[in-house]
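Structure first, then comments.
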Amino acid sequence: DTTVKQNPRYKLARVGKPVNLICSQTMNHDTMYWYQKKPNQAPKLLLFYYDKILNREADTFEKFQSSRPNNSFCSLYIGSAGLEYSAMYLCASSRDRGTQYFGPGTRLLVL
Amino acid sequence: AQSVTQPDARVTVSEGASLQLRCKYSSSVTPYLFWYVQYPRQGLQLLLKYYSGDPVVQGVNGFEAEFSKSNSSFHLRKASVHWSDSAVYFCAVSMRAGNTRKLIFGLGTTLQVQP
Chain A
6 DTTVKQNPRY KLARVGKPVN LICSQTMNHD TMYWYQKKPN QAPKLLLFYY
56 DKILNREADT FEKFQSSRPN NSFCSLYIGS AGLEYSAMYL CASSRDRGTQ
106 YFGPGTRLLV L
Chain B
183 AQSVTQPDAR VTVSEGASLQ LRCKYSSSVT PYLFWYVQYP RQGLQLLLKY
233 YSGDPVVQGV NGFEAEFSKS NSSFHLRKAS VHWSDSAVYF CAVSMRAGNT
283 RKLIFGLGTT LQVQP
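First to last, the protein sequences are chains A and B. So the first sequence is numbered by this note's numbering: it starts at 6 and just counts up by one. So the second sequence is numbered by this note's numbering: it starts at 183 and just counts up by one.
Written as structure tokens, this is what we have:
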């Protein structure tokens, strides 16, 4: 089973409010990733956890937070949502530097 | 730095016709290459991958891709498309990131299959 789950599937948020997205996998994968996907753009890597170590991309360093309380779960946290955060957020996981398997995504709309 | 270029933003073909979606990569080492597909309102699904060996790799739903080191390409092909193949197709290269790897995606090619 290569299932990655994401909750919620759709999220409506107000400008200035926090947003918390959840991802889970039961494949014992060592790495979990978060990507942001906007229309007509390539998926953009935001951050990833290798085991318990968080790596954030340089240009998104201050905009997104994340936690990984155990091997199976990983969250993506936006402290104060802006209109520019409206996008699909994709979670993925992999093991031993192998193939990344993606979840169905969470579509976030900020108003 | 590694990068991926998908030169065709949109491709339209008739149902039953053959298909080729182009992908060019830039890498200083032999890359790991992938094709993913995104159907409307869904996440990314893996079609196929290339790590090494036979340059022609088979994927799901009749898709295949051919790695060419000399051309720095990894084009996706299908002999006969179906209307359900309409989607956005992403080519990606995997690069080392510390103890793991991360994906660099192209902008994607939107495939529209006409009846």
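For every residue, glycine included, the Cβ atom is placed at its ideal position computed from N, Cα and C. The model shown is predicted, which means the values in this text are computed figures rather than measured ones.
Query	Result
Status (buried if at least 16 other CB within 10 Å, exposed otherwise) for residue 109 (chain A)	buried
Residue 288 (chain B): contacting residues in chain A (beta-carbon distance under 9 Å)	47
Any chain A beta carbon closer than 8 Å to residue 284 (chain B)	yes
Members of the stretch 99-110 of chain A that neighbour chain B once the beta carbon cut-off is set at 9 Å	99, 101, 102, 103, 104, 105, 106, 107, 108, 109 and 110
Unbroken stretches of the beta strand (DSSP E), 3 residues or longer, contained in the stretch 43-77 of chain A	49-55, 58-61 and 70-75
Between the CA atoms of residue 272 (chain B) and residue 219 (chain B) - distance to the nearest angstrom	6 Å
Residue 33 (chain A), DSSP secondary structure in three states	coil
Pairwise C-alpha distance: residue 35 (chain A) and residue 111 (chain A)	22 Å
CA-to-CA distance, residue 261 (chain B) to residue 239 (chain B), given in whole angstroms	14 Å
Pair within 8 Å by beta-carbon distance, residue 378 (chain B) and residue 229 (chain B)	Chain B is shown from 183 up to 297; residue 378 (chain B) falls before or after that span and cannot be answered.
Residue 213 (chain B) burial status per 10 Å Cβ neighbour count (16 or more: buried)	buried
DSSP three-state assignment for residue 289 (chain B), whether helix, strand or coil	coil
C-alpha gap between residue 60 (chain A) and residue 79 (chain A), whole angstroms	13 Å
Residue 12 (chain A), DSSP secondary structure in three states	strand
Chain A within 8 Å of residue 243 (chain B), Cβ atoms only	no
Listed by chain order, chain A residues near residue 198 (chain B) by CB distance under 7 Å	What residue 198 (chain B) touches in chain A: nothing, since even the nearest Cβ is about 28 Å away.
Near the ligand FAD: residue 76 (chain A) beta-carbon under 7 Å from a heavy atom	With respect to the ligand FAD, the structure offers nothing, as it holds no ligand at all.
Under the three-state DSSP convention, the category residue 248 (chain B) falls into	strand
Interface positions of the stretch 54-70 of chain A facing chain B (Cβ-Cβ less than 7 Å), listed along the chain	55 and 60
C-alpha gap between residue 21 (chain A) and residue 116 (chain A), whole angstroms	10 Å
Where the beta strand (DSSP E) through residue 273 (chain B) begins and ends	269-279
Counted within 10 angstroms of its Cβ, other Cβ atoms place residue 88 (chain A) as buried (16 or more) or exposed	exposed
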